[in-house]
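Report on the following structure.
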Amino acid sequence: MENKSFYLNMKDCDELKEIVFREGAALPLKEPESINILGTIDAPRLFLEKRHSLLNPLEAHVLVDREAASLALIFDETSAYRGIVMGKLEETKVWKSFNINNGREFTPKDLAKFFKLNRAYFDSKPDAMKLIDLLMNFEAKVNSEIQAKSDNRGNKKELQDQAVETNLPNDFELNLPLFKDAGNVKFKVEIYISPDDLRCQLVSPDANEAMVEFSETIIDNQLAAITDLCPMLAIINV
Numbered sequence: 001m002e003n004k005s006f007y008l009n010m011k012d013c014d015e016l017k018e019i020v021f022r023e024g025a026a027l028p029l030k031e032p033e034s035i036n037i038l039g040t041i042d043a044p045r046l047f048l049e050k051r052h053s054l055l056n057p058l059e060a061h062v063l064v065d066r067e068a069a070s071l072a073l074i075f076d077e078t079s080a081y082r083g084i085v086m087g088k089l090e091e092t093k094v095w096k097s098f099n100i101n102n103g104r105e106f107t108p109k110d111l112a113k114f115f116k117l118n119r120a121y122f123d124s125k126p127d128a129m130k131l132i133d134l135l136m137n138f139e140a141k142v143n144s145e146i147q148a149k150s151d152n153r154g155n156k157k158e159l160q161d162q163a164v165e166t167n168l169p170n171d172f173e174l175n176l177p178l179f180k181d182a183g184n185v186k187f188k189v190e191i192y193i194s195p196d197d198l199r200c201q202l203v204s205p206d207a208n209e210a211m212v213e214f215s216e217t218i219i220d221n222q223l224a225a226i227t228d229l230c231p232m233l234a235i236i237n238v
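Residue numbering for the sequence shown follows our numbering, starting at 1 and increasing by one per position.
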């Protein structure tokens with residue numbers, strides 16, 4: 001082994017117990033990694049709560065996309081390694097599973113089975129059980145009413161319309177979360193039934209309005225909190 005000389009200054013090293021010398025190539029230098037986070041709508045605010053003192057607000061901004069219901073905090077904006085923390089308002093799985101306002105069709109029995117598995121989200125459990133029972137027997141009841149009232153004069157279509165309109169309640173109430181981390185919302189749902197094939201669709205103008213209002217309110221609240229934390233931070237709508 002080649003002889004090597006070292007000079008060590010041991011001043012103020014009373015607690016030193018071991019000295020390790022390493023030979024060979026040093027570890028390769030690595031470029032810093034960019035921060036790229038995607039979370040719930042409050043992700044930018046939560047990040048700023050812990051890191052705002054470390055950020056330069058004159059080199060950062062927040063992009064607001066209300067149509068996409070998203071916020072993006074961008075810092076070190078001129079750096080090739082700039083950081084991005086994005087928060088997005090996401091619909092819950094339970095809301096999506098009900099297929100409200102999206103045109104999905106069910107047979108009455110399939111809808112009854114789905115309601116039975118998800119009756120926890122009905123505002124009234126007795127009303128839920130009553131609706132389930134009506135849906136399970138819906139087709140048979142409609143057909144029997146049509147048969148009993150039929151006058152054999154071509155009025156079957158009219159009788160079918162009447163039977164469909166009178167066998168189910170006008171609406172029922174659900175109580176469930178529309179968006180992640182946003183709490184439950186109570187809203188009315190109507191069952192639209194095609195007299196031709198007796199297939200059902202779930203429709204709720206109340207839920208549609210609630211989603212728009214909640215989205216705007218949640219985004220506004222997040223922006224207000226971000227402004228309180230970093231008043232100099234630029235907020236840009238896209």
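Here a beta-carbon is modelled for each residue, glycine too, at the ideal position from N, C-alpha and C.
Please read these numbers as outputs of a predicted model, since none were measured by experiment.
Hey, would you say residue i sits closer than 9 angstroms to residue j, going by beta carbons?
| i | j | result |
| --- | --- | --- |
| Lys180 | Glu49 | no |
| Leu131 | Asn167 | no |
| Ala234 | Pro57 | yes |
| Gln222 | Ile74 | no |
| Asp206 | Ile191 | no |
| Ser34 | Ile84 | yes |
Leaving aside the five residues before and after residue i along the sequence, list all residues of the same chain whose C-beta is less than 6 angstroms from its C-beta, in chain order.
| i | result |
| --- | --- |
| Pro32 | Tyr81 |
| Leu229 | Leu48, His52 |
Would you tell me roughly how many angstroms separate the C-alpha atoms of residue i and residue j, rounded to the nearest one?
| i | j | result |
| --- | --- | --- |
| Leu38 | Leu89 | 11 angstroms |
| Phe115 | Asp127 | 11 angstroms |
| Leu242 | Trp95 | Missing from the structure shown is residue 242; the chain here goes from 1 to 238 and no further. |
| Lys109 | Phe138 | 8 angstroms |
| Val189 | Asn36 | 39 angstroms |
| Asp197 | Thr227 | 55 angstroms |
Using the Cβ count rule (16 or more neighbours within 10 Å means buried), how would you classify residue i?
| i | result |
| --- | --- |
| Ser204 | buried |
| Leu111 | buried |
| Met211 | buried |
| Gly24 | exposed |
| Ala68 | exposed |
| Gly87 | buried |
| Ser70 | buried |
| Gly103 | exposed |
| Pro29 | The residue asked about is misnamed: residue 29 is Leu in this sequence, not Pro. By the 10 Å Cβ count, Leu29 comes out exposed. |
Skipping 5 residues on each side, what residues in its chain have a beta carbon closer than 7 angstroms to that of residue i?
| i | result |
| --- | --- |
| Thr107 | Arg199 |
| Glu105 | Arg199, Cys200, Gln201 |
| Tyr121 | Val94, Leu174, Asn175, Leu176 |
| Glu59 | Phe75, Asp76, Glu77, Thr78 |
| Ala182 | Phe214, Ile218 |
Ordered along the chain, which non-local residues of its own chain (more than five positions away) have a Cβ less than 8 angstroms from that of residue i?
| i | result |
| --- | --- |
| Met129 | Arg119 |
| Arg66 | Ser215, Glu216, Ile219, Asn237 |
| Glu213 | none |
- Query: Which full runs of the beta strand (DSSP E) of 3+ residues lie inside the stretch 32-65, going along the chain?
  - Reply: 36-40, 60-65
- Message: Ignoring anything shorter than 3 residues, give me the beta strand (DSSP E) runs that lie fully in the stretch 103-145, in order along the chain.
- Response: none
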